[in-house]
Every structure is written in structure tokens, then in C-alpha cells.
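See structure below.
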Amino acid sequence: MAATKGKLVVITGTSRGLGRAMVEEFIRRGHTVVGCGRSTAAVAELAKRHHAPHDFAALDVVSDEAVQAWAKRILQSHGAPDLLLNNAALINRNAPLWEVGAQEFSDVVDVNLKGVANVIRHFVPAMVARRSGVIVNFSSGWGRSTSAEVAPYCATKWAMEGLTQALAQELPSGMAAVPLNPGIINTDMLQSCFGGSASAYPSAEEWAKLAVPFLLKLSARDNGCPLTVSGAAMD
Ligand SMILES: NC(=O)c1ccc[n+]([C@@H]2O[C@H](COP(=O)([O-])OP(=O)(O)OC[C@H]3O[C@@H](n4cnc5c(N)ncnc54)[C@H](OP(=O)(O)O)[C@@H]3O)[C@@H](O)[C@H]2O)c1
8 MAATKGKLVV ITGTSRGLGR AMVEEFIRRG HTVVGCGRST AAVAELAKRH
58 HAPHDFAALD VVSDEAVQAW AKRILQSHGA PDLLLNNAAL INRNAPLWEV
108 GAQEFSDVVD VNLKGVANVI RHFVPAMVAR RSGVIVNFSS GWGRSTSAEV
158 APYCATKWAM EGLTQALAQE LPSGMAAVPL NPGIINTDML QSCFGGSASA
208 YPSAEEWAKL AVPFLLKLSA RDNGCPLTVS GAAMD
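Per the working numbering, residue 8 is the first one in the sequence shown, and the count goes up by one each step.
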């Protein structure tokens with residue numbers, strides 16, 4: 008078993024955006040990070056920058072087999088996560104629902120909903136066996152409200168709220184599952200849906216300075232509560 012430091016934090020989608028920024032902030036605070044993303048170049052860059060016990064793997068959360076193999080390896084080498092952050096997601100290109108092709112709609116559902124279920128299926132049994140740990144499923148303001156041209160994304164984020172609250176009712180006491188609205192942050196995803204006005208919002212690095220301490224404080228008391236990262240840096 009790898010000698011981990013601090014909490015063991017598993018994060019999906021660490022190539023870019025919020026996931027990438029959380030890696031740096033958790034490690035800076037002395038915690039151990041296990042991450043994944045599809046980009047082999049981004050994974051190689053992370054692995055070069057952060058050595059063991061940190062661990063970065065190139066994989067697609069849509070593949071149940073790939074997630075199963077990843078979880079098996081990590082549970083053997085590192086044990087069960089203290090924090091499991093389901094962050095990886097896609098947004099559809101802005102368009103009315105009737106103009107979103109079947110493949111693009113499926114891709115958004117596959118990553119944002121089935122990918123999260125895959126990660127839960129293979130990591131959470133070890134957390135339940137230990138009766139500890141917090142699962143954070145990244146939702147959105149668009150998991151609690153809606154806008155035109157992002158219907159597929161809204162559908163998956165509203166689903167994330169329901170999935171997470173049902174999961175919360177299944178966990179043993181001592182654990183928590185939380186749907187989290189991270190706020191509005193200038194990432195590739197925001198630039199896709201907001202265009203040029205995305206630059207008015209905080210960077211992922213600024214957000215992570217606020218979000219990581221917020222995530223580290225989550226406990227069994229938060230089980231089933233829809234939460235939002237908010238504070239000075241997000242105003
Ligand atoms: N930015 C915002 O303002 C905002 C607002 C509300 C909610 N959120 C939520 O916050 C989370 C992070 O968003 P973000 O803005 O950081 O998005 P982003 O910049 O688009 O980054 C998404 C990350 O997910 C990874 N990813 C995508 N599909 C994947 C797959 N199939 N398997 C593994 N990794 C995958 C991407 O890496 P690869 O391409 O290398 O796989 C990337 O690292 C998402 O759940 C999003 O819905 C963001």
C-alpha cells in the first residue's frame with residue numbers, strides 16, 4: 008500500500024479546468040491526489056509534476072471496464088478514498104434541443120450521468136465497507152435552474168441532484184453524498200456556453216483556493232444537502 012499523506016482525494020477530469028486546479032490546491036495543502044482524464048498528454052504532464060503517492064491515469068469514465076480496472080488498482084495501492092469528486096463532465100454546443108444530434112446528446116448523458124455512476128459503482132463499495140468518506144457529485148446552477156440552448160447539460164445536472172440525494176439515503180451513517188454547484192468559473196466549459204463573457208468570471212485557480220478548504224470540511228453532517236461553493240472570490 009502506498010504511503011499516502013493527508014486525505015486521499017480521487018478526482019475525475021483532472022486534465023483541465025476545475026479538476027486540474029483542485030489537484031494543485033489539494034497537493035499544496037498536503038493531501039494525496041488520484042486523478043484521471045482522457046488526455047494522455049495532460050496525464051503525462053501531471054505524472055511528471057507530481058510523483059507517487061499521487062497517481063494520474065488516462066481513461067474515459069464512460070467505460071465501465073476502464074473505471075473498474077482503475078478503481079481496482081487504486082484501491083489496492085492506496086485504499087478507499089476519503090473524498091471522491093465526480094468532476095468530469097461535458098456540455099453540449101449551444102443549440103436548441105431539437106438541433107442537438109443523437110450522438111452529441113448521448114455523449115453528454117454518457118459522461119455526465121453514466122460516467123458518475125461507473126465511478127460510484129467501483130469506488131464506493133470500499134468506502135461503504137470502511138463506513139467513511141464523502142462523495143461529491145459536481146452539479147451546476149443548471150442543476151437547479153435552466154437556460155435556453157443547454158438542455159442536454161441541464162437534464163444531466165438535474166439528474167445529478169436526484170441521483171446524489173437518492174445515494175445519500177443509501178449510505179451508512181458516517182458517510183455523505185453531496186451534489187455541489189461549484190459557482191461560475193472561467194474554464195473551457197464556461198467559454199463554450201458563455202463565449203467572451205466567460206472572462207468576467209474567476210479563474211479555476213482562484214476558485215480552487217476557496218473550493219478546496221470548503222471540500223475538506225465536508226462531513227457526514229452534509230449528507231444529501233445540495234451545496235454551493237460561494238464566497239469572496241466568487242462574487
Ligand atoms: N466552469 C463552470 O462555471 C461550471 C459551472 C457549473 C458546473 N460546473 C461543473 O464543474 C465540473 C468541471 O467543469 P469545468 O468547467 O472544469 O469543465 P472543463 O474545463 O470542460 O473540464 C472538464 C474536465 O473533465 C474531463 N473529462 C471530460 N470528459 C471525460 C471523460 N469522458 N472521462 C474522463 N474525463 C473527462 C476533461 O478532460 P479530458 O478532455 O482530458 O477528458 C477535463 O479535465 C463539471 O462537472 C461541470 O459541469 C462547472
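Just so it is clear, CB atoms sit at the ideal spot from N, CA and C, and this is done for glycine as well.
Taking all protein chains shown into account, Ser204 has fewer than 16 neighbouring C-beta atoms within 10 Å of its C-beta and is therefore exposed.
By the 16-neighbour rule on beta-carbons within 10 angstroms, Gly37 is exposed. Asn94 and Leu25 have their alpha carbons spaced roughly 8 angstroms apart. For secondary structure counted as the alpha helix (DSSP H) over 4 or more consecutive residues, the region 76–141 holds these complete runs in sequence order: 109–116, 122–137. Listed in chain order, the non-local C-beta contacts of Asn99 below 6 angstroms within the same chain comprise Val107, Glu111, Val115, Pro159, Tyr160, local neighbours out to five positions each way being set aside.
Look at the beta carbons and you see the region 189–200 touching the region 218–236: at least three pairs across the two are nearer than 8 angstroms.
Short of 6 angstroms from the beta carbon of Asn119, and not among the five residues preceding or following it, lie these beta carbons of its own chain, in chain order: Ala96, Thr163.
With respect to the C-alpha of Ile127, the residue from Ser206, Leu90, Ser180 having the closest C-alpha is Leu90. By alpha-carbon distance to Glu213, the top candidate from Ala28, Val69, Phe130 is Ala28. One alpha carbon belongs to His61, the other to Leu223, and they sit about 17 angstroms apart. Of the residues assessed, Ala183 falls on the buried side of the cut-off, its CB having 16 or more other CB atoms within 10 angstroms.
In this model, Thr21 and His57 are separated by some 13 angstroms (Cα to Cα). In the structure shown, Cys161 adopts helical secondary structure according to DSSP, grouped into three states. In the DSSP assignment, Pro186 falls within the unbroken beta strand (DSSP E) covering 182–188. Taking C-beta separations shorter than 6 angstroms and ignoring five residues to either side along the sequence, the partners of Arg137 in its chain run Ala87, following chain order. In terms of Cβ geometry, Gly122 and Val185 do not form a close pair [threshold 8 angstroms]. Exposed is the label assigned to Glu177, since fewer than 16 other Cβ atoms lie within 10 Å of its Cβ. DSSP places Ser210 within a strand segment (E or B) once states are collapsed to three. For secondary structure counted as the beta strand (DSSP E) over 3 or more consecutive residues, the region 38–67 holds these complete runs in sequence order: 39–44, 62–65. Taking a cut-off of 8 angstroms on C-beta distances, the region 136–151 does not touch the region 64–84, as fewer than three cross pairs fall below it.
When distances are taken from the beta-carbon of Thr171 to the heavy atoms of ligand 1, even the shortest one reaches 7 angstroms or more.
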